[in-house]
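I have placed the structure first, in the form of structure tokens, so that the comments after it can refer back to it.
In structure tokens, the structure reads:
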């Protein structure tokens, strides 16, 4: 009897234990299944993520930033975060059928100026990226009464200008769109009457091809010794030389000799042309009499990244050439007597260095950094940065006027021209119309600004700013 009872007890205990194990197994199975089903942390990521975010227009403290997303997958959910806090609203943004979205973000009044990393957090499927939101200084125009301003429509895609004291003429370049560029011109303007007196269309790159690609004109400089106009063909990596009087062709250099060529400057005292190209780490040198390529000048940076020269400034008397690198945010000084780099000046905090000018008598170098919205004023003797000046959005180019002892900065994003003195003081801010790109100077105190048209669909404009 005792044996029977013992067997029954064991049987009952095993039944209960089996029930508990079955229940535990079921619970664990449900738990793991739910965990795998609801795994929102390590889900399948977007393996072909192409989304990007940008701001539409200039962003100032205390204003609303209009942010646009492009290249996302329809139905993806997006949140934008700064310092772990969502700036794009309480609910996730659901991407539309076109893969795009728009959202407003309020920028605090006390927001720091500069580039802010914004995390783009994406779900369904998941992805992430970072874009930089630039918060720029708001500068109201003032001092415009010091200037007389007049404008004329010229051509779409105006890029640069150069003044010839010998011909008393202004030469402009224009190119429209991406390759194959079929709409491009070199234009001669009478600066006194502000009328176009000649214009030509550059030759086809390859007449046998049906794409119509031409030697699109971008950078420009004048050679008064030989009566030439030098034009850079950035899309084709080469240069063209024209006669100043009628813009007839003198020489078309072969394609690909200077990758992504941009600026060209002429040293009349030594009959040399120097060109920049952000796609390479050299300054190209050309004999302006024989039109033959010479040994290039090698540029070096202090870090591992090779420099990419974008803008040039020449001090002919001192035989110095100045360049800024958009890759490394450095300024480079070249001794033209030895044809070698002399010094590198690092620019802490600079992003997107794009413009350079030299004030020889003041022994100052000016550098514009378009992404960080600042202008650097540098003592050339010591290499010391004397002033770092916050200007309005997108300072692309800078020009020194020896006559007025002032520097003029084209702020492409804000549509303004900042006027600075050597102390780093903003002495005027002038309306630069829409997307001012480049400025040149004559010997009568006139500045010539090329910029986008103030009216949609109309030719870009040339604006003359006369200092009263």
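In mature numbering (1 follows the signal peptide of the UniProt record, and there is no 0), the protein residues as written are -37 to -1, 1 to 431. Beta carbons: idealized from backbone N, C-alpha and C, even for Gly. Predicted model, so just to flag it, every value in this text is computed and none were measured.
Q. Can you round the beta-carbon distance between residue 427 and residue 130 to whole angstroms, since I take them to be within the 8 Å contact cut?
A. To locate residue 427, count along the chain shown from 1; it is residue 464. To locate residue 130, count along the chain shown from 1; it is residue 167. In fact, because the Cβ distance is near 17 Å, the residues do not count as touching under 8 Å.
Q: Could you tell me which of 67, 265, 100 sits nearest to residue 73, measuring between CA atoms?
A: Counting from 1 along the chain shown, the entry for residue 73 is found at position 110. That would be 100, whose Cα lies nearest to the Cα of residue 73.
Q: Check the C-beta distance from residue 453 over to residue 284 and give it rounded, since I have them as a contact under 8 Å.
A: Here the chain covers residues -37 to 431 and nothing more, so residue 453 does not appear.
(Q) Between 6, 7, 22, which has its C-alpha nearest residue 376's C-alpha? (A) Within the chain shown, the letter at position 413 stands for residue 376. Closest in alpha carbon position to residue 376, among 6, 7, 22, is 22.
Q.
Does the stretch 172 to 181 come into contact with the stretch 153 to 160, if we say contact requires no fewer than three beta-carbon pairs (one atom in each stretch) closer than 8 Å?
A. Cβ pair count under 8 Å is below three, so no.
**Q.** Span of the beta strand (DSSP E) around residue 42
**A.** Reading the chain shown from its first residue, position 79 is the one you call residue 42. Run containing residue 42: 40 to 45, per the beta strand (DSSP E) assignment.
Q.
Counting C-beta neighbours from all protein chains within 10 Å, is the total for residue 347 16 or more, i.e. buried, or is it exposed?
A. Mapped onto the chain shown, residue 347 falls at position 384. The residue is exposed, with fewer than 16 neighbouring Cβ atoms inside 10 Å.
Q. What number of angstroms, rounded off, separates the C-alpha of residue 182 from the C-alpha of residue 350?
A. By one-based count along the chain shown, residue 182 stands at place 219. By one-based count along the chain shown, residue 350 stands at place 387. Pairing residue 182 with residue 350, the inter-Cα distance amounts to about 29 Å.
**Q.** Buried/exposed call for residue 207, threshold 16 Cβ in 10 Å
**A.** Here residue 207 refers to the residue found at position 244 when the chain shown is read from its first residue. Residue 207 is buried by the Cβ-count criterion.
Q. Shortest alpha-carbon distance to residue 338 belongs to which of 382, 56, 36, 147?
A. As a working mapping, residue 338 is identified with position 375 in the chain shown. Closest in C-alpha terms to residue 338, from the list 382, 56, 36, 147, comes 382.
Q. Can you give, in chain order, each stretch of the beta strand (DSSP E) that sits fully within the stretch 67 to 150 and has at least 3 residues?
A. Taking only runs of at least 3 residues, the beta strand (DSSP E) segments lying wholly in the stretch 67 to 150 are 77 to 86, 90 to 98, 110 to 118, 121 to 127, 132 to 138.
Q) What are the complete beta strand (DSSP E) segments, minimum 3 residues, inside the stretch 209 to 260? A) Assignment of beta strand (DSSP E) within the stretch 209 to 260, counting only whole runs of 3 or more residues, yields 212 to 215, 227 to 230, 235 to 238, 245 to 250 in chain order.
Q. Three or more C-beta pairs closer than 8 Å, one from the stretch 223 to 234 and one from the stretch 256 to 270: is that the case here?
A. Between the stretch 223 to 234 and the stretch 256 to 270, the count of C-beta pairs closer than 8 Å stays below three; the two stretches do not touch.
Q) Which same chain residues, not among the five before or five after residue 180, have their C-beta less than 8 Å away from its C-beta? A) Numbered from its first residue, the chain shown carries residue 180 at position 217. Contacts found: 122, 136, 137, 138, 147, 148, 149, 165, 194, 195, 196, 203.
Q. With burial defined as no fewer than 16 other Cβ atoms inside 10 Å of the residue's Cβ, what is the status of residue 356: buried or exposed?
A. On the chain shown, position 393 is the one that residue 356 refers to. Of the other Cβ atoms in all chains shown, 16 or more fall within 10 Å of the Cβ of residue 356; this residue is therefore buried.
Q. Rounded to a whole number of angstroms, what is the C-alpha to C-alpha distance between residue 220 and residue 141?
A. The residue labelled residue 220 in the question sits at position 257 within the chain shown. The residue labelled residue 141 in the question sits at position 178 within the chain shown. Cα-Cα distance, rounded: 20 Å.
Q.
Taking a contact to mean a Cβ-Cβ separation below 8 Å, would you say residue 54 touches residue 37 in this structure?
A. Numbered from 1 along the chain shown, position 91 holds the residue referred to as residue 54. Numbered from 1 along the chain shown, position 74 holds the residue referred to as residue 37. No, the Cβ-Cβ distance between residue 54 and residue 37 is not below 8 Å.
Q) Between the C-alpha atoms of residue 243 and residue 4, what's the straight-line distance to the nearest angstrom? A) In the chain shown, counting from the first residue as 1, residue 243 sits at position 280. In the chain shown, counting from the first residue as 1, residue 4 sits at position 41. Here the alpha carbons of residue 4 and residue 243 stand approximately 43 Å from one another.
Q.
Just to confirm, is the Cβ distance from residue 452 to residue 245 under 8 Å?
A. Not covered by the structure: residue 452. The range shown for the chain is -37 to 431.
Q: Kindly indicate which three-state DSSP category residue 335 falls into: helix, strand or coil?
A: As a position in the chain shown, residue 335 is number 372, starting the count at 1. Annotated three-state conformation of residue 335 is coil, per DSSP.
Q | Buried versus exposed, by CB contacts within 10 Å (16 or more), residue -11 | A | Here residue -11 refers to the residue found at position 27 when the chain shown is read from its first residue. Below a pLDDT of 50, predicted positions are generally treated as unreliable, and residue -11, at 41, falls in that range; the measurement from the model is reported next regardless. Exposed.
Q: Could you tell me whether any non-hydrogen atom of the ligand MN is closer than 7 Å to the CB of residue 168?
A: By its list of ligands, the structure shown contains no ligand whatsoever, and the ligand MN lies outside what it can speak to.
(Q) Three Cβ pairs or more, each shorter than 8 Å: is that satisfied between the stretch 362 to 372 and the stretch 322 to 334? (A) Put simply, the stretch 362 to 372 touches the stretch 322 to 334. At least three CB pairs are less than 8 Å apart.
**Q.** Cα-Cα separation between residue 317 and residue 209, rounded to whole angstroms
**A.** Within the chain shown, numbered from 1, the residue matching residue 317 stands at position 354. Within the chain shown, numbered from 1, the residue matching residue 209 stands at position 246. Our two residues, residue 317 and residue 209, have alpha carbons roughly 32 Å apart in a direct line.
Q. Bridge partners of residue 5, per DSSP?
A. One-based indexing of the chain shown puts residue 5 at position 42. Bridge partners of residue 5 according to DSSP: none are assigned.
Q. With a CB to CB cut of under 7 Å and the five nearest residues on each side skipped, what residues in its chain are close to residue 213?
A. Position 250 of the chain shown holds residue 213. The residues are 191, 204, 205, 206.
Q: Please say whether residue 127 and residue 168 have beta carbons closer to each other than 8 Å?
A: Translated into the one-based positions of the chain shown, residue 168 becomes position 205. Translated into the one-based positions of the chain shown, residue 127 becomes position 164. Cβ distance not < 8 Å, so residue 168 and residue 127 don't count as in contact.
Q: Give the straight-line distance between the Cα atoms of residue 26 and residue 98, rounded to the nearest whole angstrom.
A: For the purposes of this step, residue 26 is taken as the residue at position 63 of the chain shown. For the purposes of this step, residue 98 is taken as the residue at position 135 of the chain shown. Whole-angstrom Cα-Cα distance: 10 Å.
Q: Starting from the Cα of residue 425, find the closest Cα among 117, 232, 90 and give me that residue.
A: Position 462 of the chain shown, counted from the first residue, corresponds to residue 425. Measuring from the Cα of residue 425, the nearest candidate turns out to be 117.
**Q.** Reduced DSSP category for residue 197 - H, G, I as helix; E, B as strand; rest coil
**A.** Position 234 of the chain shown, counting from 1, holds the residue named residue 197. Three-state result, residue 197: helix.
Q) How should residue 216 be labelled, buried or exposed, when 16 other C-beta atoms within 10 angstroms of its C-beta is the threshold for buried? A) Residue numbering aside, residue 216 sits at position 253 when the chain shown is read from its first letter. The residue in question, residue 216, is buried, as its Cβ has 16 or more Cβ neighbours within 10 Å.
Q: Kindly identify the DSSP beta-bridge partner or partners of residue 425.
A: As a first step, residue 425 is located in the chain shown; it is residue number 462 there, counting from the start. Paired residues: 115, 413.
Q. So what does DSSP say about residue 157, is it helix, strand or coil?
A. As a working mapping, residue 157 is identified with position 194 in the chain shown. Coil at residue 157, not helix or strand.
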